[in-house]
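Scroll down for the structure; my scribbles are underneath it.
Protein chains in written order, with this note's numbering: chain A, 1 to 240; chain B, 1 to 85.
This is the structure we're talking about:
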């Protein structure tokens, strides 16, 4: 870790490092200089490490809010992996590395929608002045494949830290995505992959949402998940 | 101030399980170990995932990053949802 602030890479160096790695991994560099790549990895790693303490502060703050609200929740933090950082830079063509908002992230998994509402209200009340961008409500407006959660980006010590709040059902859904991505070396996490699997996750996300929120689950939706489960088995993504 | 335990995890896609799990109380030590592990597995991102997570306990990490700890399964992920209502 860079202990002397003077040694810390400048914004320009950080963005240049991100750009180089993005171009190399995307296969857009004809003659790759291994020394330059190594230096770029070092800069990106230093930039990521600079998020460590702010991220812990945010996690501690979340743990405190959870305790204040008397919520049973799991709170953790994670450093974004360098390959994921580079993949994100490729996906978000042109976005500078210093502008990525989830280099450091915290996750809270709560038991039910009521606890989610209470915690999100507390986060807004305590931290809205620190938000680096407006809240993303993926419960009200899920992503195309059915991802649901509340996302906040909080600024601590000039670093952006992403906060994800999920219910246990939403976490179960996300774990299933990670799990099949790992097993079949897919990238459903970025919403790319076989149509049948993406549809399976979309329908399952809706069923889980309705279960957790105590909403009616129409017969038609059950028929859809049954048919979708059969299809993904038939196409060989699961054995049964 | 809550305790932070840092967990360095190495997950093998081929074996579908964690092949390394180390705990650190010191953030700098954890960061150094993370760098070393990323160097060790660099260029093999199709085979291994190296991640540094932190929480008050490993039990919490099971709840927030459960996929690293799931037993390999090829059963359809949402089979149980077909029976709801």
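Glycine included, every Cβ here is placed at the ideal spot set by N, Cα and C.
Checklist line | Start and end residues, alpha helix (DSSP H) containing residue 90/A | finding: Residue mapping note: residue 90/A aligns to position 90 of the first chain, counting from 1. Start and end: 82-91.
Notebook entry, point to check: Can you round the beta-carbon distance between residue 241/A and residue 11/B to whole angstroms, since I take them to be within the 8 Å contact cut?
Noted result: Absent from the model: residue 241/A. The displayed extent of chain A is 1 to 240, so no value can be given.
Check: By the criterion of Cβ-Cβ separation under 7 Å, what are the contact partners of residue 63/B in chain A?
Finding: Stepping through the second chain from its first residue, residue 63/B is reached at position 63. Simply 74, 109.
Next item on the list: Mind listing, in chain order, the continuous alpha helix (DSSP H) runs of no fewer than 4 residues lying wholly within the stretch 103-142 of chain A?
Entry: Whole alpha helix (DSSP H) segments, 4+ residues: 113-127.
Checklist line | Unbroken beta strand (DSSP E) run spanning residue 164/A, endpoints | finding: As a working note, residue 164/A is residue 164 in the first chain. Annotation: the continuous beta strand (DSSP E) that includes residue 164/A extends over 159-167.
Check: Less than 7 Å separating the beta-carbons of residue 138/A and residue 148/A?
Finding: Here the question's residue 138/A lines up with position 138 in the first chain. Here the question's residue 148/A lines up with position 148 in the first chain. Yes.
Notebook entry, point to check: Counting Cβ pairs, one atom from each stretch, are 3 or more of them under 8 Å apart for the stretch 74-82 of chain A and the stretch 100-117 of chain A?
Noted result: They touch, by the three-pair rule.
Next item on the list: Please say whether residue 74/B and residue 238/A have beta carbons closer to each other than 7 Å?
Entry: Walking along the first chain from the start, residue 238/A turns up at place 238. Walking along the second chain from the start, residue 74/B turns up at place 74. With contacts defined by Cβ atoms closer than 7 Å, residue 238/A and residue 74/B form a contacting pair.
Notebook entry, point to check: Using the beta-carbon of each residue, which ones in chain A are nearer than 8 Å to residue 22/B?
Noted result: Reading the second chain from its first residue, position 22 is the one you call residue 22/B. The contacting residues do not exist; residue 22/B stays about 15 Å from chain A at best.
Note to self: If the criterion is Cβ atoms closer than 7 Å, does the pair residue 106/A and residue 58/A meet it?
What the structure shows: Against the first chain, residue 106/A aligns to sequence position 106. Against the first chain, residue 58/A aligns to sequence position 58. Yes, Cβ-Cβ distance for residue 106/A and residue 58/A is below 7 Å.
Next item on the list: Measure the C-alpha to C-alpha separation of residue 111/A and residue 71/A and round it to an integer number of angstroms.
Entry: Your numbering for residue 111/A matches position 111 in the first chain. Your numbering for residue 71/A matches position 71 in the first chain. Each residue's alpha carbon lies about 8 Å from the other.
Note to self: I want to see whether chain B comes within less than 7 Å of residue 52/A, judged by CB atoms only; does it?
What the structure shows: To locate residue 52/A, count along the first chain from 1; it is residue 52. Taking Cβ atoms only, chain B reaches closer than 7 Å to residue 52/A, which makes this a yes.
Check: Using a Cβ-Cβ distance under 7 Å, would residue 154/A count as near chain B?
Finding: Numbered from its first residue, the first chain carries residue 154/A at position 154. So, not an interface residue.
Margin query: To the nearest angstrom, how far is the alpha carbon of residue 31/A from that of residue 39/A?
Written below: Translated into positions along the first chain, residue 31/A becomes position 31. Translated into positions along the first chain, residue 39/A becomes position 39. Taking C-alpha positions only, residue 31/A is separated from residue 39/A by approximately 16 Å.
Check: With C-beta atoms as the reference, is residue 63/B less than 7 Å away from residue 108/A?
Finding: The residue given as residue 63/B occupies position 63 in the second chain. The residue given as residue 108/A occupies position 108 in the first chain. Judged by their CB atoms, residue 63/B and residue 108/A are not nearer to each other than the 7 Å cut-off.
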